[in-house]
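Chemist: Quick note: the sequence shown uses the numbering used here, first residue 1, plus one each step.
Where is the CB? At the ideal position from N, CA and C, for every residue including glycine.
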Amino acid sequence: MHSAVLHLRGDVLTAQPTVDSAGSVLCWNGEVFGMADGDEQDERLLMQGSDTTYLSERLRCAGERLDATSPKTLGRQEDPVVQVLRQVRGPFALAWLHASTQRLYFAHDRFGRRSLLYYQQRNSDTGDLLLQLAERAHDSSTTMASKLFSQGEMTRFVLSSVAIQGGSERLNGRKNDDTHSSAFREVPAPGIYVLDLRAQSPTPTEGDSPLYRMEFHPYPPLISASDHALNRVNCELPRLEPSNVSSGDAMQLTTSATALLTALSNAVGLRVRSIPSLSSTSSPTASGARLAVFFSGGLDSVVLAALAHFHLPEAEPVDLLTVCFDESSRFASPDRQAAELAYTELCALFPTRGWRLVRLDVSRLELQREQREVQALMTPCETHMDFNIGAAFWFLSRGQGTVLKPSQTGQSVETTTLKQLNAFLTPGHADLRALETEISMLNLFEAKDETVLCPVYRCGRKRKRGCVLDVCRSCCFKIQRTIDNLLSRQLGAQDQDVDLRQFLGLRAKLLAMGVQSESHIDRLLELLTSTVRGDFATLTCRVHRSKQQPVSSESCLPPPGPRSVESTVYQTQARVVLVGIGADEQLAGYGRHRTALLNGGEQALRAELREDLKRIWKRNLGRDDRCIAAHGREARFPYLDEEVVATIASFPTSSLCDAQLPRGIGDKRALRVVAQTLGLRSCAGLAKRAIQFGSRIAKVSSSTSNRQTQGDARFSGVE
C-alpha cells in the first residue's frame, strides 16, 4: 500500500500510510470536518490537529469491536468499521486494511468528492463486481450486499486515485497484456466496499477453487435538515429582511434564503478556518494567500468569495482565479468580464480585504502543449466536454497568471454592464433553447418506434440530435422554409406576396410531411409569433442553420475594450481552493430543471435534482479532483457540505425555481437572495453560463462550431 497526500491539517506532517498499534494500515486522502456522532471535543481536535491521526484511532477502536464479533454475528449486525466511516462528514477517499481479519475497506464519500479508481482483471467474463453489488443494493434497498467470487473471476484488483499509465508493465509485470489506463473506472460513490482477503472453502457445487467475499454497504440517505440552520461558527452575517424580497412567496423564500446563508457560511467557515498557516506548509511570505477561489464571476463563486471574507483574518489576501482561452478577443471572454465586474464589487463591499484578481490567459498553443497531461488526469472520462472542463480546472489550479492593480481592472470593466453580460440570453441563444423546449412539447409528429429515424413521412434518414424539430437535416430546412413563408403572410410582411392558395398549400405540405393536425400548425405559429423579436419572426435551429445567417455568440458581447499592458506575473501560493460545484445540481441551475418543472411539475423537478446529485461523482467530481490535485492544491466544495445538502433538501421548489420568471431570476432563487443580502448585485442577476462556454475553451479546443462538436463526443485532440 502506498499513499502520498497534501499536508493541510495540523502543525506536524503525518506520514502515510499510517500504521496503528494493532498493525492496521490506513491510506487517507480527505478532510474530516466533523463526525455525525461527534461532540465539541471532537470538533476541537479536528480543527487543531491531524484528521488522519484522529480517524486512524477511531478505526482502530472499531477494529477491536470487529475482533470481538463472530463472523456469523457480523452478517446480522452493522460492521463497526462501516459504522465509523458512515459518520465522517467531509470529502475523502480511503483504503483501510484491518490486520487481524484481513478485511480491506475502501470507499469515497457519498458524493465522490475525492477521486478513487479501480482496475479489475479477470480470466472469465463475469462482469464488473463493484457495479453489480452497488446495483443489487440499490434495487433491493438493503443495508448490505455481498458476493463470493473465485480467483479466476478476479485475478488482480488495483485501487488508485489516478489511472495508472503504462498499466501493462506496472500492474502485471509483462508487456503482452492489454491492460492500460483506460481500463480504470470510478469506484461507485454511494457506499463502502469491503474485500475479505481470507480464503473460504467452497461448497461441492462451487468447485475446487477457494472463494473470497466482496461486500457493499450503501450510505443511508441524508436526513433533511430544518430550514432554520444554526450559526455554528459565531459569524457576523448580514440580516435578510423579507421586505427585500419582492415575490408572492416572499416569506417562504426569505426563510429558505436565511437558512441557506447560515448553512453555507458554516460550510465555508469549516473549510477556511481549518487551513494551516503558510509557514507550516511552505516558506512564509508577507503577501501570500492561504485561500483561492475558482472565480468565474458567476453567482456560485462570488457568493463563496464573499462568505470567505467573514471567516479569514482581516488583513489576509484572497486570490480570485479567473481563466480565459480566447486570444481572439484579447482574453475578454464572458467569464473574464463577469469576474472583473464582480471583483470590483467585492473591493467596494469589503475594502479592507486584499482581493487579488489573478488573470490566467491560456493560448491555443499552450492548451495543445498540455492536452496530454489533462487527458491522462481526466481518464477514465473521455468526452470533449470532459476535456474542456478538466483543462479549465487544470489551468485554474496551476494558478500562474498576472495581477492587475485595482485602477487598471476598473478601467477594463467600466463599460461592462450586467445587461451586456447577460446578452447571450438573446433569440440566438437562451430563447432558442427555451423555444426548442416548447416546440418539443407540441409533439408535432406522431411518435415512432424507431427513435433514431426522422419522423417525417417517408423520410427514412436519421434524425439529428439537438435539432429544434428533432428531424434530419434535409427535412429541417424544408420545414424551416415552409414555416418562414407562413409567418411572412401571418405577420403581414411586405417583401413577400403569399396569396391564400399558397398559404393553404404550405399548410397542406406540412401535414403531408407528417405534422399531426392543423391545430398543431396553429400552435407552432402562435408560439413563434409570441416570441417575435423586432419586426420579424422565424423558426431557427441551432444545429441546422448553415443556410441561414449564423448566430455568433461573439455578437452578444460588448467589443473588447483596451486591455492594460501593465501587469505583474503572479503564482498563487494557496493550497486550498473553494469551488462552486454542487450549486446548480441542487438549486435548479440548469435549463433541464426548468424544462422538468414545465413538463412534469414539482415532482419531475425533484426527481431531476435527485438524479443530478446521485450521479455527480461520475459526471464531475472524480475528474475535477484529479485535475485540481495535480498541482498540489485541494478543492473544497462548500455547496456539497452535508449540512448544506440537507438544508437545501428541505426547501420548497418555489425557493429553487420559478419557470415563469426569466433566466437569471427564476433559477437558484434562494441563492440569488443570499447574494443580494451580501450586497452582491452583479452576480445576483447573472444567468448561468457553463465554464466551457464562459471561458471560451469549447470554441478554442475545436476548429468546428461549438454546437457541432457534441459534448459527449469522444475527445480526439485540440485542433
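From this set, Gln-200, Thr-18, Gln-400 and Arg-714, which residue's C-alpha is nearest Arg-60's C-alpha?
Modeler: Here residue 60 is taken as the residue at index 60 of the sequence shown, counted from 1. That would be Thr-18, whose Cα lies nearest to the Cα of Arg-60.
Chemist: Taking the alpha carbon of Gln-151 as the point to measure from, which residue in Leu-94, His-98, Asp-125 and Ile-164 has its own alpha carbon closest?
Modeler: Mapped onto the sequence shown, residue 151 falls at position 151. With distances taken between Cα atoms, Gln-151 lies closest to Asp-125.
Chemist: Along the chain, where does the alpha helix (DSSP H) containing Met-214 start, and where does it finish?
Modeler: Mapped onto the sequence shown, residue 214 falls at position 214. Unbroken run through Met-214 is the beta strand (DSSP E), 211 to 218; no alpha helix (DSSP H).
Chemist: Check whether the region 597 to 607 and the region 670 to 690 are in contact - that is, three or more C-beta pairs closer than 8 Å.
Modeler: No contact exists between the region 597 to 607 and the region 670 to 690.
Chemist: Locate the beta strand (DSSP E) running through Thr-568, then write down its first and last residues.
Modeler: Stepping through the sequence shown from its first residue, residue 568 is reached at position 568. From DSSP, the beta strand (DSSP E) with Thr-568 extends over 568 to 571.
Chemist: With DSSP collapsed to three states, give me the class of Ser-474.
Modeler: Here the question's residue 474 lines up with position 474 in the sequence shown. It is helical.
Chemist: List the endpoints of the continuous alpha helix (DSSP H) containing His-384.
Modeler: As a working note, residue 384 is residue 384 in the sequence shown. Segment 384 to 398, the alpha helix (DSSP H) holding His-384.
Chemist: Looking at the unbroken alpha helix (DSSP H) that takes in Ile-691, where does it start and where does it end?
Modeler: Stepping through the sequence shown from its first residue, residue 691 is reached at position 691. 691 to 694 is the extent of the alpha helix (DSSP H) around Ile-691.
Chemist: Who does Gln-676 pair with in a DSSP beta bridge?
Modeler: Taking the first residue of the sequence shown as 1, we reach residue 676 at position 676. Paired residues: none, contrary to the question.
Chemist: Taking three-plus beta-carbon pairs below 8 Å as touching, is the region 183 to 192 in contact with the region 371 to 382?
Modeler: With a cut-off of 8 Å, the region 371 to 382 and the region 183 to 192 count as touching, because enough Cβ pairs lie within range.
Chemist: Which two residues bound the contiguous alpha helix (DSSP H) that contains Arg-356?
Modeler: Taking the first residue of the sequence shown as position 1, residue 356 is located at position 356. Premise fails: Arg-356 lies in the beta strand (DSSP E), 355 to 361, not in any alpha helix (DSSP H).
Chemist: In the DSSP assignment, find the beta strand (DSSP E) that holds His-98 and state where it starts and stops.
Modeler: Counting from 1 along the sequence shown, the entry for residue 98 is found at position 98. Note, His-98: beta strand (DSSP E), 92 to 98.
Chemist: Please name the residue or residues paired with Gly-191 in a DSSP beta bridge.
Modeler: Within the sequence shown, the letter at position 191 stands for residue 191. Partner(s): Pro-218.
Chemist: Going by CA-CA distance only, name the one from Thr-437, Asp-624, Glu-642 and Ala-583 that's closest to Cys-541.
Modeler: Within the sequence shown, the letter at position 541 stands for residue 541. Out of Thr-437, Asp-624, Glu-642 and Ala-583, Thr-437 has the C-alpha closest to the C-alpha of Cys-541.
Chemist: Restricting to Cα atoms, I'd like to know which of Asn-388, Trp-96 and Val-362 is closest to Glu-57.
Modeler: Against the sequence shown, residue 57 aligns to sequence position 57. Closest by alpha carbon: Trp-96.
Chemist: For a quick check, are the C-beta atoms of Ser-224 and Ser-650 less than 7 Å apart?
Modeler: Taking the first residue of the sequence shown as 1, we reach residue 224 at position 224. Taking the first residue of the sequence shown as 1, we reach residue 650 at position 650. Going by C-beta atoms, Ser-224 is nearer than 7 Å to Ser-650.
Chemist: Using the C-alpha atoms, what's the distance from Cys-454 back to Cys-472?
Modeler: Within the sequence shown, the letter at position 472 stands for residue 472. Within the sequence shown, the letter at position 454 stands for residue 454. Taking the straight line from one Cα to the other gives about 6 Å.
Chemist: So, at 7 Å on beta carbons, what are the nonlocal neighbours of Val-374 in its own chain, with the 5 sequence-adjacent residues on each side left out?
Modeler: Stepping through the sequence shown from its first residue, residue 374 is reached at position 374. Same-chain partners within the cutoff: Phe-387, Gly-390, Ala-391, Trp-394 and Cys-627.
Chemist: Would you call the CB atoms of Leu-264 and Pro-638 closer than 7 Å?
Modeler: Here the question's residue 264 lines up with position 264 in the sequence shown. Here the question's residue 638 lines up with position 638 in the sequence shown. Closer than 7 Å, so yes.
Chemist: For Arg-689 versus Arg-633, is the C-beta spacing smaller than 7 Å?
Modeler: As a position in the sequence shown, residue 689 is number 689, starting the count at 1. As a position in the sequence shown, residue 633 is number 633, starting the count at 1. The answer is no: Cβ separation not under 7 Å.
Chemist: Within 8 Å, do at least three Cβ pairs link the region 663 to 679 to the region 311 to 319?
Modeler: Not touching, per the Cβ criterion.
Chemist: For the beta strand (DSSP E) containing Gln-516, name the first residue and the last one.
Modeler: Taking the sequence shown and counting its residues from 1, one reaches residue 516 at position 516. First-last for Gln-516: undefined, no H or E at that position.
Chemist: Output yes if chain D places a C-beta closer than 7 Å to the C-beta of Ile-616; else output no.
Modeler: The question asks about chain D, but that chain is absent: this structure has only one protein chain.
Chemist: Going by the DSSP bridge assignment, what does Arg-606 pair with across the sheet?
Modeler: Along the sequence shown, read from residue 1 onward, the residue named residue 606 stands at position 606. Bridge partners of Arg-606: none, in fact.
Chemist: Secondary structure at Ala-493, three-state DSSP: helix, strand or coil?
Modeler: What you label residue 493 is simply residue 493 of the sequence shown in a count that begins at 1. Below a pLDDT of 50, predicted positions are generally treated as unreliable, and Ala-493, at 42, falls in that range; no measurement from the model is reported.
Chemist: I'd like to confirm the pairing. Which residues does DSSP put opposite Thr-18 in its beta bridges?
Modeler: Within the sequence shown, numbered from 1, the residue matching residue 18 stands at position 18. Answer by DSSP bridge pairing, in chain order: Leu-26.
Chemist: Based on DSSP bridge pairs, tell me the residues matched to Asp-196.
Modeler: Locating residue 196 in the sequence shown gives position 196, where the first residue counts as 1. DSSP lists Arg-103 and Arg-213 as partners of Asp-196.
Chemist: If you measure between the beta carbons of Pro-91 and Glu-31, is that distance less than 7 Å?
Modeler: Taking the first residue of the sequence shown as position 1, residue 91 is located at position 91. Taking the first residue of the sequence shown as position 1, residue 31 is located at position 31. For Pro-91 and Glu-31, yes; Cβs fall inside 7 Å.
Chemist: Which one of Leu-261, Thr-254 and Val-569 has the shortest CA to CA distance from Glu-236?
Modeler: The count along the sequence shown starts at 1 and reaches residue 236 at position 236. Comparing Cα positions, the closest option is Leu-261.
Chemist: Among Cys-476, Ser-301 and Pro-210, which one has its Cα closest to the Cα of Ala-635?
Modeler: Position 635 of the sequence shown, counted from the start, is the residue given in the question as residue 635. Of the listed residues, the one whose Cα sits closest to Ala-635 is Ser-301.
Chemist: Taking Cβ to Cβ, would you say Trp-617 is nearer than 7 Å to Phe-111?
Modeler: Against the sequence shown, residue 617 aligns to sequence position 617. Against the sequence shown, residue 111 aligns to sequence position 111. Contact flag set, yes.
Chemist: Going by alpha carbons, who is nearest to Asp-361 out of Ser-397, Thr-402, Thr-344 and His-384?
Modeler: In the sequence shown, counting from the first residue as 1, residue 361 sits at position 361. Among Ser-397, Thr-402, Thr-344 and His-384, the Cα nearest to that of Asp-361 belongs to Thr-402.
Chemist: Quick one: grab the DSSP three-state call for Gly-580.
Modeler: To locate residue 580, count along the sequence shown from 1; it is residue 580. Reduced to three states, the DSSP call for Gly-580 is coil.
Chemist: Please report the distance separating the alpha-carbon of Ser-329 from that of Ala-189.
Modeler: Position 329 of the sequence shown holds residue 329. Position 189 of the sequence shown holds residue 189. Answer to the nearest angstrom: the Cα atoms are 41 Å apart.
Chemist: Given this structure, state the Cα-to-Cα distance separating Leu-346 from Val-569, to the nearest angstrom.
Modeler: Working through the sequence shown from its first residue, we reach residue 346 at position 346. Working through the sequence shown from its first residue, we reach residue 569 at position 569. Distance between the alpha carbons of Leu-346 and Val-569 is about 22 Å.
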